[in-house]
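Data first, discussion second: the structure below is written as structure tokens.
There are 2 protein chains.
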Amino acid sequence: MAKYVYLFGAEKTEGSAKMKDLLGGKGANLAEMALLGIPVPPGFTITTEVCRYYYKNGGRYPEGLAEQVQAGVRFLEGATGRKFGDPENPLLVSVRSGAPVSMPGMMDTILNLGITDRAVEGLAARTSPRFAYDAYRRLLSMYGSVVLGIKDEVDPFHEVMEELKRERGASSDLDLTAEDLEELVRRYQDLIQKNGKEFPQDPWEQLWGAIGAVVRSWMNERAQVYRRLYRIPEDMGTAVNVQAMVFGNLGNRSGTGVCFTRDPATGENRLYGEFLLNAQGEDVVAGIRTPNPISKQAKTDPTQISLEEALPQVYSELLRIRDILERHYRDMQDVEFTIEEGRLYILQTRSGKRTGFAAVRIAVEMAEEGLITEDEAILRIDPAEQLSQLLQPIFDPKAKARAKVLAKGLAAGPGAATGRIALSAPRAVEMAQEGPVILVRHETSPDDIRGMAAAQGILTARGGLTSHAAVVARQIGKVAVVGCEALHLDYGKRELRVAGEVLREGDWISIDGTTGEVLLGKIPTQPSEVVQVLLTKTLKPEEAPVYQLFEKLMRWADARRRLGVRANADQPDQAQVALAFGAEGIGLCRTEHMFFAEDRIPYMQEALVAPNAAARKRALSALQRMQVQDFEGILRVMDGKPVIIRLLDPPMHEFLPKEEKDIRALAERLGLKFEELRAQIEALQEFNPMLGHRGVRLGITHPDLYDMQVEAIFRAAAKLKKEGLTPKPEVMIPLVGHVNEMKVMRERVVEIATRVMAEEGVEIHFKVGTMVEVPRAAITADEIAREAEFFSFGTNDLTQMTFGYSRDDAGKFIREYLERRILPEDPFETLDRNGVGALMRIAVEKGRKIRPDISLGICGEHGGESRSVHFCHEIGLDYVSASPWRIPVARLAAAQAAIKGGKVGVAGD
Amino acid sequence: MAKYVYLFGAEKTEGSAKMKDLLGGKGANLAEMALLGIPVPPGFTITTEVCRYYYKNGGRYPEGLAEQVQAGVRFLEGATGRKFGDPENPLLVSVRSGAPVSMPGMMDTILNLGITDRAVEGLAARTSPRFAYDAYRRLLSMYGSVVLGIKDEVDPFHEVMEELKRERGASSDLDLTAEDLEELVRRYQDLIQKNGKEFPQDPWEQLWGAIGAVVRSWMNERAQVYRRLYRIPEDMGTAVNVQAMVFGNLGNRSGTGVCFTRDPATGENRLYGEFLLNAQGEDVVAGIRTPNPISKQAKTDPTQISLEEALPQVYSELLRIRDILERHYRDMQDVEFTIEEGRLYILQTRSGKRTGFAAVRIAVEMAEEGLITEDEAILRIDPAEQLSQLLQPIFDPKAKARAKVLAKGLAAGPGAATGRIALSAPRAVEMAQEGPVILVRHETSPDDIRGMAAAQGILTARGGLTSHAAVVARQIGKVAVVGCEALHLDYGKRELRVAGEVLREGDWISIDGTTGEVLLGKIPTQPSEVVQVLLTKTLKPEEAPVYQLFEKLMRWADARRRLGVRANADQPDQAQVALAFGAEGIGLCRTEHMFFAEDRIPYMQEALVAPNAAARKRALSALQRMQVQDFEGILRVMDGKPVIIRLLDPPMHEFLPKEEKDIRALAERLGLKFEELRAQIEALQEFNPMLGHRGVRLGITHPDLYDMQVEAIFRAAAKLKKEGLTPKPEVMIPLVGHVNEMKVMRERVVEIATRVMAEEGVEIHFKVGTMVEVPRAAITADEIAREAEFFSFGTNDLTQMTFGYSRDDAGKFIREYLERRILPEDPFETLDRNGVGALMRIAVEKGRKIRPDISLGICGEHGGESRSVHFCHEIGLDYVSASPWRIPVARLAAAQAAIKGGKVGVAGD
């Protein structure tokens with residue numbers, strides 16, 4: 004028969020840490036601890052297989068389970084010398100869930116199981132009536148709510164107790180007498196009966212009720228949401244741990260607590276935690292009583308009594324166990340313990356959750372201590388969630404705690420920002436003269452760029468994590484919260500309504516781009532230590548311990564990664580940031596933003612709608628002079644490193660006015676008839692601009708725009724070359740879908756480059772390649788590779804077209820898809836391996852087959868997302884390109900990918 | 004050394020018909036005829052390889068060519084007993100192009116080459132001065148324009164001759180005397196000199212000049228356009244044929260003519276053609292003199308003298324040769340001949356161009372005569388170009404010839420239509436009461452359906468061959484011309500401007516959907532014979548010979564094809580048409596059009612924006628009742644045959660009003676606040692509706708719409724089942740991109756179907772499947788096949804997303820792409836094998852791997868396009884689905900594909 008129950012304890016232990024999938028994290032760890040000789044209360048684990056069986060078979064248990072559970076209880080009776088249901092000396096057990104992946108607090112737990120009306124008397128006799136009835140009332144309330152389902156917004160058991168406390172004039176649970184608690188047990192039983200339920204007086208019935216409740220709690224809503232959030236598979240299942248109770252509430256030599264083997268906030272190497280004397284575990288968790296610190300040193304208030312002072316032997320035992328655990332588990336542990344009359348029991352240990360700061364410090368220090376390898380240190384840190392915390396400006400935590408949270412949106416650009424509300428980009432620019440500004444819009448568009456750059460942070464009511472606002476914010480390192488649908492903007496009244504508040508333009512607001520929170524009022528912020536060292540230079544490395552850890556980790560990572568890391572940057576200052584963060588080149592220099600500047604857009608417009616060829620040519624010449632400066636700037640900063648410049652991508656209408664008055668003004672300026680200009684602009688409107696006349700299509704039908712850009716690139720490069728620098732421009736053609744597009748454009752680029760180089764008398768090393776962003780380009784990559792020296796996967800557009808999702812529109816249904824698990828994850832956030840990824844794989848294979856030395860990279864937003872970076876490593880790209888502020892994330896993720904090799908997964912899996 | 008020159012003639016023939024690629028069609032045929040013993044003037048062919056070499060090597064000829072040409076000329080001298088450049092008895096030759104694929108009239112020809120100022124005297128002595136100078140002046144004018152490039156809008160040589168004729172009072176060339184012609188030769192030479200050129204007096208120089216001109220004519224503009232039109236590869240090259248001249252202008256026992264071995268207009272099995280006595284070939288082609296018929300029977304005027312009468316022996320020789328040619332070539336031949344002093348020479352034979360009617364008749368009759376097999380008969384007919392002519396209404400040809408052509412657009416719905424201009428769909432409906440209407444719009448949209456149905460024809464200024472207008476027109480069998488950019492519509496003034504005309508709403512206009520012509524005024528039309536038999540039943544089969552041929556051909560085709568043929572049809576009447584044309588099921592029943600009817604749209608709108616759940620439910624119930632009738636209707640017509648019903652596809656905003664006044668009216672009707680409704684409608688607007696919230700995405704977020712449709716399908720089927728019929732509904736989920744979408748929807752459909760069948764007490768055979776139209780669906784077809792019982796390739800959207808082309812917007816640049824040969828063909832017209840096709844192939848393989856009995860079809864517009872049908876056969880689809888009027892095309896194309904097997908190509912290749 005299959006084995007469904009595994010014993011653990013000092014006497015016998017059948018499992019181990021290796022059996023996490025079967026026994027769950029908690030069960031496997033308890034078994035492991037027992038094997039290590041750490042004092043754990045004896046118990047047994049019902050495997051996750053039972054949970055899976057249960058859901059596959061309409062709520063039935065597998066055959067043989069009943070007998071094995073019975074044998075398990077017998078084992079506990081032997082180990083404790085107590086008997087299940089015995090009126091004299093009853094065995095009490097806890098029943099807890101324990102999934103293979105930690106899901107703290109998500110599922111249900113029952114304690115003190117085994118007490119009945121008869122057994123409580125025996126228990127009272129052996130301990131004290133107060134203890135016995137306290138234990139019983141706890142069982143009743145937990146069983147009542149968890150197993151019998153008696154619950155409400157306010158816990159009815161809690162209400163009954165509060166009422167009794169009022170009657171008795173008791174301020175704390177501890178003020179209730181044994182008689183009070185006996186009365187409470189009666190009232191709890193009445194409450195259960197009033198709800199039409201019954202508390203079973205057979206302990207076996209109690210046990211099976213509790214097992215069922217734990218198994219079912221796997222599918223409760225909280226647990227489902229948690230799994231979705233942490234990408235835990237639905238069919239993993241939970242184990243059930245049945246364990247002999249030990250009691251922290253047997254008087255003042257008893258207690259319970261939680262500790263971390265290192266500080267989970269800062270990572271400092273010291274035992275950190277809190278405990279309560281004479282209490283059970285949930286008292287700590289529930290926060291009913293304020294716990295005391297474990298160590299004397301951590302006291303913040305002289306009235307506190309630390310464990311070190313209260314029970315010094317237990318404290319030193321805990322220090323000893325901490326060493327065993329860290330040596331064994333080689334990670335910071337989160338440990339639950341109970342002290343029963345001076346004897347320490349460890350109830351649970353697991354890797355502790357930690358801040359990004361702590362994660363980096365613990366990993367680096369453990370590696371330096373020799374506890375783990377540098378490889379392991381690198382793998383321990385989640386690049387996006389943890390490492391990037393080191394770059395983010397932060398709110399003063401106290402001030403933030405006092406502020407009113409108005410709403411929550413999508414955390415799009417990490418960090419903290421505070422400023423006055425500006426409801427338009429021009430206003431943002433204007434107001435930014437006076438002080439910090441938050442630009443608040445329905446959504447942003449390319450002509451908001453200057454306003455976005457001027458603002459401290461960007462807040463939008465619409466759009467997802469790859470909306471214009473989010474993408475630009477990350478690229479220029481702005482704090483951003485997007486898609487905050489609770490915002491009601493009224494541009495006309497210059498106000499916004501949210502959470503009952505009416506805020507006017509100019510009012511203070513704060514946004515937390517790490518959590519997505521929108522907060523009322525002004526909250527002070529400061530740049531992070533790493534940023535102060537690398538960018539603002541307001542700190543020296545030696546004054547910055549966090550920077551030193553960061554620097555060490557990055558050094559380790561760089562030594563391991565195979566993928567190159569480049570930046571998506573359009574401007575010299577962005578390129579500077581990228582360099583400071585470790586970029587080895589520019590993977591994507593977009594050129595369209597360059598035309599939206601106030602001094603350029605008029606020329607751009609003239610180039611597009613000029614009334615005659617001469618005017619058009621004049622405008623293009625003016626633009627070319629400016630473009631030469633643009634390219635000179637970025638090539639100068641990136642001297643010696645490759646700079647991929649993408650030729651103009653957006654459709655023409657984005658550069659032209661939409662409002663009648665602006666059209667009139669433009670017509671007047673260019674000497675055109677208003678009606679004709681309006682008709683011309685209208686004719687450029689498209690039903691699906693995403694799939695319209697843009698990119699190379701424009702380059703082919705309107706060649707002089709591209710010609711101008713290409714000439715500017717080579718004029719700029721020539722100038723630098725003559726100064727003795729080594730410019731490495733690479734010209735990228737966007738939106739190629741057919742080899743002939745690439746062929747025509749490559750020939751044209753080479754022709755212009757050759758001419759310019761001849762005129763300038765220099766040789767410049769350059770390449771011509773394409774963005775692979777149209778599905779057809781991936782499918783016909785072999786054909787295209789004949790004409791392209793590099794491919795850069797534009798996975799934003801490739802994802803849009805492969806899924807048929809417009810990222811400007813899909814926000815609403817994608818959210819629902821994710822909630823309903825129709826999509827396992829947002830494909831604009833994490834690269835879709837099976838669809839988009841399969842196309843990339845095809846393109847890589849076909850491209851390399853034809854041109855073995857083809858350079859392959861990615862410049863979509865996925866280039867800065869860890870799991871996507873891993874995939875890029877796996878399919879053999881040469882580099883990833885990410886927004887400047889994501890460069891460290893990409894470097895770390897690339898190192899993790901290299902260490903893990905082909906294996907799929909993320910840090911912490 | 005490579006062989007570049009192949010001889011032919013009675014004495015020696017080195018080539019044959021098999022060497023078409025090398026010798027061109029004309030050269031190979033001349034060789035073949037020589038081998039058959041048919042009298043051809045001796046000559047030699049310079050291979051196509053020389054032409055290819057010439058273009059690859061910057062206009063140089065391969066080494067050895069000169070020597071081989073010289074030897075060729077020596078051969079001609081031997082065969083004719085004349086000498087090249089000889090002043091006494093000069094050898095004259097013609098120099099003509101001849102590509103492997105016939106390109107009639109596209110390239111240049113020089114005749115009488117070899118005459119010089121000295122040789123003309125010898126020639127005059129041996130023939131007559133008149134003949135000699137006539138030949139010389141012809142050479143000079145041809146050489147002058149073709150080789151020396153002396154040409155203008157009006158041919159300057161022609162002008163000089165006309166002037167001389169005026170001076171001499173001559174009404175025809177024949178009235179000019181030998182002296183006149185000698186004078187003309189002088190004037191021609193003056194003309195050449197005045198143009199700074201010189202006519203070479205060395206015949207070899209003449210010969211090389213002519214060879215060069217012919218080779219260069221391969222790249223002239225006409226030839227390029229022709230190749231693009233007929234998809235002839237650029238690098239094929241042309242051969243050059245140098246042949247001894249024979250003269251049709253040596254008096255009244257000489258002549259020249261063209262004949263077809265069967266009637267190219269009707270296909271009738273009789274020698275058909277025309278000739279001129281005492282004339283050279285180009286006189287027939289140029290239409291300077293009106294030719295006479297070949298046979299007595301064909302005389303339309305008693306003053307004509309047929310060849311049969313004029314030269315009876317030559318006539319019977321021609322009849323004899325005709326039999327040899329048809330037996331040998333097994334196809335109707337287009338034969339050029341010359342009679343030199345009573346002796347017949349065949350200059351050229353090739354498969355003759357023919358109308359669709361002739362193509363069908365010739366193929367069927369030749370098969371019945373045993374000349375070709377039925378397979379060959381099937382392969383002889385181009386389904387779209389020729390077979391479909393048999394279905395099209397036709398203009399009275401004489402009336403059409405008199406009408407003014409206003410503009411040309413894309414031929415989108417074949418046939419002829421005439422009617423009054425209506426500039427909006429409601430006006431079209433209204434005006435159609437009074438008489439035929441042509442709906443003229445910028446473009447059409449789903450709410451124009453009623454107007455389109457009411458109109459005779461549809462004319463749009465924007466959009467391509469798969470625009471809404473084109474797709475719907477083909478589906479409902481309407482004549483359509485789309486993307487006619489010369490039209491300037493002014494809805495406000497209710498007028499359109501084109502070609503200098505201002506037409507007002509109500510004016511008469513005509514459109515030819517076969518040619519794309521837009522014509523001024525009213526031109527009478529009539530339905531075709533096939534349509535009169537099958538649909539209008541106004542003719543009996545036995546009265547309709549064309550129908551009988553059609554029917555026979557279809558029978559042969561059906562016996563051979565492996566692909567099933569279904570129809571895209573939404574309505575019972577369309578389904579009737581489809582059945583009449585041979586559909587074996589419905590491959591795509593779109594349901595969205597059903598909601599745009601006047602009596603339905605209010606309910607649809609209420610279902611979408613109702614103020615409360617009850618109202619929404621009421622509206623959905625009303626819609627459901629109507630949908631039951633819809634589905635009952637179509638399932639009844641298609642009894643026993645599969646009917647794939649696609650659930651609602653378009654985004655919600657398409658059903659809601661856009662204009663303020665309409666929104667106000669709707670708000671009033673539903674008791675909503677105008678501002679709120681407007682905001683609601685605005686919130687539904689999308690940047691890229693193509694990639695937005697539609698199809699299954701809507702089905703998942705708004706399940707009650709799909710639920711209503713699914714229930715209606717099964718209620719309708721149940722009703723028919725109870726009547727004893729065999730409904731076979733198949734539910735198709737649109738726009739699936741991820742297996743989970745399909746899973747959720749399949750479960751829901753099965754659940755509803757099961758419930759309805761239980762309630763109705765019947766069992767209905769049904770399937771649930773998906774449209775494969777999102778690239779990701781193709782890539783992950785293995786995953787999706789687990790949940791889908793059929794795939795139907797929606798190649799319209801699949802093409803859009805694979806290329807990243809919005810078909811509403813891409814018209815402009817696609818046209819330029821085609822002209823510049825960046826795209827080899829319009830992917831919305833012919834399936835793109837390498838891109839979209841590669842995705843389909845992946846989907847077929849992956850789908851069948853997981854579900855071997857999966858049903859695979861195509862329902863995009865490509866389902867009715869021959870080359871795409873061939874591809875569908877090749878990748879192993881089960882069926883193609885086409886608009887009802889394209890069904891015969893699809894049947895024939897499917898048979899051709901089956902006959903050709905895996906081989907790629909089209910009829911006539």
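Going down the list, the sequences are from chains D and E.
For the record, in the first sequence the residue sitting at position 323 is 326 according to my numbering, with numbers rising by one throughout.
For the record, in the second sequence the residue sitting at position 418 is 421 according to my numbering, with numbers rising by one throughout.
The beta-carbon is built from N, C-alpha and C at its ideal position, and this holds for glycine as well.
Its chain contains Ala-572, Ile-637, Val-640 and Met-641 as the residues whose beta carbon lies nearer than 6 Å to that of E:Ala-578, once the 5 sequence neighbours on both sides are disregarded; these appear in chain order.
Looking at the backbone, the Cα of D:His-873 and that of D:Asn-837 are separated by about 14 Å.
Separation of the CB atoms of E:Leu-708 and E:Leu-651 is rounded to 6 Å, and the pair is thereby assigned contact status at 8 Å. At a cut-off of 7 Å, the C-beta of D:Arg-700 has a neighbouring C-beta in chain E. At a beta-carbon threshold of 7 Å, the residues of chain D lying near E:Ser-809 are Glu-689, Phe-690, Asn-691, Leu-694 and Gly-695, ordered along the chain.
For the stretch 789 to 813 of chain D, the set of positions with a beta-carbon nearer than 8 Å to some beta-carbon of chain E reads Asp-800, Gln-803, Met-804, Thr-805, Phe-806, Gly-807, Tyr-808, Ser-809, Asp-811, Asp-812 and Ala-813 in chain order. Contact between E:Arg-423 and E:Met-434 holds: their C-beta atoms lie close to 6 Å from each other, under 8 Å. Straight-line measurement puts the Cα of D:Leu-738 at about 10 Å from the Cα of D:Arg-779. Residues of the stretch 837 to 859 of chain E with a C-beta less than 7 Å from any C-beta of chain D: Asn-837, Gly-838, Ala-841 and Leu-842, listed in chain order.
Residues of the stretch 235 to 259 of chain E with a C-beta less than 8 Å from any C-beta of chain D: none at all. A Cβ of chain D is located within less than 7 Å of the beta carbon of E:Phe-816.
Non-local C-beta neighbours of E:Ile-214 in its own chain, meaning closer than 7 Å and more than five positions away in sequence, comprise Ile-49, Val-98 and Val-243, ordered along the chain.
Not flagged as an interface residue toward chain E: D:Thr-517, since no C-beta distance is shorter than 7 Å.
Contact annotation for D:Arg-779 against chain E: Thr-805, Phe-806 and Gly-838 [CB-CB distance below 7 Å, chain order].
Counting along the chain, D:Glu-339 sits inside the beta strand (DSSP E) bounded by residues 336 to 343.
Bounds of any beta strand (DSSP E) do not take in D:Leu-79; it lies within the alpha helix (DSSP H) bounded by 68 to 83. Check the Cα spacing between E:Phe-250 and each of E:Leu-126, E:Pro-315 and E:Val-217: the tightest is with E:Leu-126.
Taken through DSSP and simplified to helix, strand or coil, D:Tyr-136 comes out as helix.
By alpha-carbon distance to D:Ala-788, the top candidate from D:Asn-743, D:Thr-757 and D:Ile-817 is D:Asn-743. The Cβ atoms of D:Tyr-606 and D:Ala-618 do not sit closer than 7 Å to each other. By DSSP's assignment, D:Ile-857 forms no beta bridge with any residue. Chain E places no beta carbon closer than 7 Å to that of D:Glu-750, leaving this residue out of the contacts.
Residues of the stretch 728 to 749 of chain E that bring their beta carbon within less than 8 Å of a beta carbon in chain D comprise Leu-738, Gly-740, His-741, Asn-743, Glu-744 and Val-747, in sequence order.
In the DSSP assignment, D:Trp-511 is bridged to D:Arg-423.
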